[in-house]
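Protein chains in written order, with the working numbering: chain A, 154 to 612; chain B, 154 to 612.
Think of the CB as a built atom: it goes at the ideal place given N, C-alpha and C, for glycine as much as any other residue.
All values derive from a computational prediction rather than experimental measurement.
Below is one structure, written out as structure tokens, with a few remarks after it.
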């Protein structure tokens with residue numbers, strides 16, 4: 154009966170001295186005259202295992218010919234290892250080739266640059282770094298679902314194709330079934346002939362639709378893809394990424410901060426527990442002190458400070474900032490970093506100037522700031538952005554008018570304030586931003602299976 | 154301290170005779186001269202609760218004015234109910250208005266047609282039917298994640314924007330940042346100026362990318378949105394829907410069927426356990442016998458029969474079919490129904506004629522059929538479609554040539570057969586199809602929060 158390597162590692166005492174059968178791949182094959190060592194993995198866990206065979210095996214010669222990258226079946230016995238470097242290994246009774254691999258296999262066991270691996274995006278999941286990163290991605294996703302489901306939140310799939318542009322902030326991709334060549338030929342754009350009979354695009358946020366569900370289910374969250382047609386070629390921008398957007402009825406900005414902090418701690422704990430080997434690898438080879446950085450957050454309570462007070466602190470700082478901190482204005486990455494260092498832990502920045510925040514945020518009594526909050530974390534800066542929403546119908550309308558926003562297509566959103574509206578709050582967390590924080594990998598292209606960036610949509 | 158209604162119902166004995174505080178909405182308000190009854194819900198669970206108040210309360214008059222749909226805070230004591238219809242209720246000490254609701258609130262407590270509710274898609278989550286459906290949707294999604302994560306599968310986010318058209322089957326939406334009006338004016342389409350520097354569209358399947366991850370992580374699954382620009386206005390077609398596509402290395406078609414059956418049973422058990430009230434409501438008001446239908450599947454082993462043998466059975470049937478069953482051809486809905494009735498349970502239909510299936514499916518030794526399998530379930534027909542994939546490089550190329558398929562852009566997919574390829578299998582399950590089956594709701598528009606169909610992309 155076939156086993157998975159994960160079982161073998163997890164219950165190695167149970168399997169000790171037993172016959173086992175594994176199917177997987179050769180990461181590295183070292184051959185000597187009378188025996189050989191196969192570094193074997195099957196993808197079910199991070200750790201590989203050493204398979205030892207010798208020339209007493211009847212097909213010793215053909216086993217010796219097995220190449221790196223090949224798919225194989227291993228039959229043998231789990232034994233205590235006499236060599237150093239591992240506690241136990243497999244003493245093979247047979248190794249059978251399932252799928253061959255040529256000598257020019259690009260994923261040879263040596264150091265590859267991240268750039269090279271990106272070009273081989275369909276093969277890179279096989280190397281250690283991406284075995285770790287994508288396992289953490291999967292486990293972190295489940296941590297998020299588990300947190301919200303266990304706390305009674307409803308998971309909502311908000312639409313991706315939409316007529317509305319969310320915050321009006323992000324640039325949108327257009328989605329169409331019109332034939333562009335025909336448009337060029339005819340000189341006419343007829344949206345009536347388009348699939349939806351209208352101009353539509355890919356969503357930049359599920360928040361507005363999410364609010365409609367919070368007004369029915371109390372606590373909801375979204376977890377789905379989001380798009381930005383921003384022509385930014387930076388380490389932190391992708392045009393297609395996943396977002397988590399919880400929304401909670403009868404919850405003010407303080408309750409929201411409690412939830413953000415509680416969720417973050419849950420995710421960190423869950424990932425450290427469920428991806429132990431992966432996190433140790435990342436700590437060792439990607440970001441020294443990664444685990445310590447994350448564990449440190451668990452023991453702390455995030456500081457809560459207003460945008461105004463934060464700017465005061467920044468202005469008094471002896472650090473030379475590239476961008477001068479100014480009251481009423483946004484803060485830069487370097488400022489975020491200063492603040493998390495200053496408070497030695499995560500920081501909630503509250504009460505932002507209304508002019509640099511979105512229309513739906515609740516106006517504070519000072520009429521100048523809104524009940525918005527950004528969560529800054531050590532080492533990564535802004536991780537979540539949220540706000541209490543303006544639940545007052547008249548005030549929302551007034552703010553939209555002030556911003557000269559069109560209301561067509563948003564009547565339903567505004568109506569939420571008319572039909573049993575209530576104080577409610579929500580936040581957004583970019584899933585890839587979380588992963589950059591959790592894995593220490595600093596380029597968003599390396600935490601997405603097949604990243605989409607300007608001029609790049611391979612696979 | 155505020156409680157959630159879910160806690161109150163789940164631990165009503167603990168809360169009995171205790172002061173409680175709830176925030177939520179009025180579903181129905183019945184007023185009498187000296188007292189009143191509020192049918193109160195807060196969205197955290199399916200069951201509402203009766204709030205009783207009388208004229209001894211100092212703001213009796215203002216409470217009496219509260220309208221259906223309003224958001225309120227209820228303070229009171231949980232007591233055994235003297236009236237019939239409920240075991241316990243809340244004896245209010247105060248009811249405070251949080252958010253008013255006008256008399257023309259569309260969700261009055263009366264029977265609404267599904268069509269009317271669809272037009273009010275942002276309010277319909279508040280009515281019983283959609284409280285049940287969308288809770289089941291959320292719970293079923295988590296059941297799926299839980300099943301795969303507990304069984305060691307890796308969750309993969311495959312890309313949505315893509316250059317390749319997957320199976321070549323579905324019609325694709327185009328995604329662009331080109332200005333259509335400018336194209337009309339200039340008479341030129343210049344993809345070099347498009348965001349990705351190429352013509353791209355929305356994915357019809359994540360399978361091909363999923364396979365690349367199965368070759369690294371062994372067992373993987375996708376769970377994400379998928380798109381079809383099909384101009385079909387039927388009860389089962391939406392242009393945006395969610396798909397689950399697991400892919401398993403070293404797994405043949407028989408192993409695949411085991412997994413499909415195991416997963417289905419897990420989901421059914423999970424939903425019946427975690428959405429008890431919702432399922433009872435759906436059983437009572439949407440599909441009589443729904444729970445029985447699902448429980449029945451749990452106790453059965455699905456029949457496994459070849460397409461050829463199934464056609465034989467259909468041809469011998471005494472039923473008058475609208476479409477005559479023909480060897481070598483596809484089967485119709487009525488045939489699926491006949492087969493699940495004939496075998497009195499779920500049926501795996503295997504070994505399909507190669508000409509009606511996709512290029513990547515493994516050719517059987519007869520050279521005529523492929524190792525494809527559809528799972529048919531009683532009451533809903535086809536629920537999953539899967540196959541063992543052609544892992545042989547030469548055979549895959551030959552099949553693509555036979556179908557005159559272009560290979561550009563698919564080199565990576567083909568290369569999987571060169572670099573340590575192995576037998577592997579996978580299936581796809583439309584999430585909404587599963588929900589139609591689980592809830593008994595027969596229109597896909599009613600199991601998606603904001604459905605996208607031809608000429609309709611509201612919200």
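Annotation: Cβ neighbours of residue 222 (chain A) in chain B (cutoff 9 Å, chain order): 572 and 573. For the set A:247, A:292 and A:161, the Cα lying nearest the Cα of residue 233 (chain A) is the one of A:161.
Between the region 384 to 403 of chain B and the region 420 to 428 of chain B, the count of Cβ pairs shorter than 8 Å is below three; the stretches do not touch. Contact holds between the region 390 to 407 of chain B and the region 583 to 593 of chain B, because three or more Cβ pairs, one in each stretch, are under 8 Å apart.
Under DSSP, residue 174 (chain B) takes part in a beta bridge, and its partners are B:155 and B:228. Counting of Cβ neighbours within 10 angstroms places residue 509 (chain A) among the exposed residues, the total staying below 16. Under a criterion of Cβ atoms nearer than 8 Å, the residues of chain B adjacent to residue 340 (chain A) are, in order, 337, 338 and 340.
Distance from the CA atom of residue 383 (chain A) to the CA atom of residue 226 (chain A), rounded to whole angstroms, is 47 Å. Residue 257 (chain A) has a beta carbon lying at 7 Å or more from every beta carbon in chain B. Setting aside the 5 residues that flank it on each side, residue 531 (chain B) is surrounded in the same chain by 493, each with a C-beta closer than 6 Å to its C-beta; the list follows chain order.
Unbroken alpha helix (DSSP H) runs of no fewer than 4 residues, entirely contained in the region 221 to 308 of chain B, are found at 267 to 272 and 281 to 303, following chain order. Close partners of residue 377 (chain A) in chain B (Cβ separation under 8 Å): 377 and 378. Residue 608 (chain A) carries a coil assignment under DSSP once its states are collapsed to helix, strand and coil. Where residue 496 (chain B) is concerned, there is no enclosing beta strand (DSSP E), because DSSP gives it neither an H nor an E. Per the coordinates, the alpha-carbon of residue 528 (chain A) lies some 11 Å from the alpha-carbon of residue 411 (chain A). Assignment of residue 167 (chain A) by DSSP, reduced to helix, strand and coil, places it in the helix class. Any Cβ of chain B closer than 7 Å to the Cβ of residue 186 (chain A) would place that residue at the interface, and such an atom is absent. Residue burial annotation: residue 255 (chain A) is exposed, with fewer than 16 other C-beta atoms found within 10 angstroms of its C-beta.
The region 421 to 464 of chain B contains, as complete beta strand (DSSP E) runs of 3+ residues, the segments 456 to 459 (chain order). Judged by pairs of C-beta atoms under 8 Å, the region 561 to 578 of chain A does not touch the region 446 to 460 of chain A, as fewer than three such pairs exist. With at least 16 other beta carbons inside 10 angstroms of its own, residue 312 (chain B) counts as buried. Contact between the region 203 to 214 of chain B and the region 550 to 566 of chain A is absent: fewer than 3 CB-CB pairs across the two stretches fall below 8 Å. Taking the C-beta atoms as reference points, residue 499 (chain A) is found nearer than 7 Å to residue 455 (chain A). Bounds of the beta strand (DSSP E) holding residue 580 (chain A) are 577 to 583. Sixteen is the threshold: when 16 or more other Cβ atoms of the shown chains lie within 10 Å of the Cβ of residue 195 (chain B), as they do, the residue is buried. The straight-line gap separating the alpha-carbon atoms of residue 473 (chain B) and residue 601 (chain A) is approximately 53 Å. Under the three-state reduction of DSSP, residue 484 (chain B) is assigned to coil, being neither helix nor strand.
Contacts between residue 491 (chain A) and chain B, judged by CB atoms closer than 8 Å, are missing: the closest CB pair is about 34 Å apart.
DSSP, reduced to helix, strand and coil, places residue 543 (chain B) outside both helices and strands of the structure shown, so it counts as coil. Taking 7 Å as the cut-off, the beta carbon of residue 489 (chain B) is found no closer than this to the beta carbon of residue 538 (chain B). For residue 237 (chain A), no CB of chain B lies under 7 Å from its own CB, so it is not counted at the interface with that chain. Closest by C-alpha distance to residue 316 (chain A), out of A:437, A:295, A:596 and A:352, is A:352. Residue-level contact by beta carbon fails for residue 585 (chain A) and chain B, as no gap is shorter than 7 Å. Counting C-beta pairs closer than 8 Å gives three or more between the region 286 to 304 of chain B and the region 423 to 438 of chain B, which meets the contact rule. For residue 244 (chain A), same chain residues with a beta-carbon under 7 Å away, outside a window of 5 residues either side, are 205, 229, 230 and 232 in chain order. Note on residue 338 (chain B): under 16 other CB atoms within 10 angstroms of its CB, so exposed under the neighbour-count rule.
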